[in-house]
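These notes are about the structure you will find just below.
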């Protein structure tokens, strides 16, 4: 009974990880320093990639357990793939946030360290 709630919460978290940096960059772009702009671009890129995982979470929330049972009967390894996909997506987004926090605190430089291609 909690699956739709948890999947919806997971999807909302992925959306907020994209909307937050995008909104901040859009609203405050002119006020941001060059370094802050670089941070917002990195967080926006991470967040937009995370949006892909919303489709997984939405499918699981909307279609429910009966649908998921049919899927796993037809493709038994799908349950392993789906759960690990959502987990890896969440971990990747958290890694982006960690890099952002490390850079903000001065522990890691953004250019050449946290954002090697920046």
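Residue numbers (my numbering): 63 to 180.
Backbone N, C-alpha and C fix where the C-beta goes; we use that ideal spot for every residue, glycine too.
Remember, it's a predicted structure, so these values are computed and weren't measured experimentally.
Look up residue i in the DSSP assignment and say whether it is helix, strand or coil.
i	result
residue 169	coil
residue 63	Here the model assigns residue 63 a pLDDT of 46, short of 50, so the residue's position is not dependable and the matter cannot be decided.
residue 160	helix
Quick one: measure Cβ to Cβ for residue i and residue j, integer angstroms, because I've assumed they're closer than 8 Å.
i	j	result
residue 65	residue 127	6 Å
residue 122	residue 130	6 Å
residue 101	residue 162	6 Å
residue 72	residue 148	7 Å
From the options, pick the residue whose C-alpha is nearest to that of residue i; which is it?
i	options	result
residue 75	111, 92, 144 and 95	111
residue 68	159, 157 and 145	145
residue 168	70, 93 and 97	97
residue 70	93, 124, 157 and 158	124
Could you give the uninterrupted runs of the alpha helix (DSSP H) lying entirely in the stretch 94-158, keeping only those of 4 residues or more? Counting only runs of 4 or more, we get 96-112 and 114-136.
Would you say the stretch 149-167 touches the stretch 101-115, given that touching needs at least three Cβ pairs under 8 Å? A contact exists between the stretch 149-167 and the stretch 101-115.
The stretch 127-136 in contact with the stretch 79-87 per 3-pair CB rule at 8 Å: No: the two stretches stay apart, fewer than three of their Cβ pairs being nearer than 8 Å.
Check whether the stretch 99-111 and the stretch 83-91 touch, using three or more Cβ-Cβ pairs below 8 Å as the test. Output reads yes: the stretch 83-91 touches the stretch 99-111.
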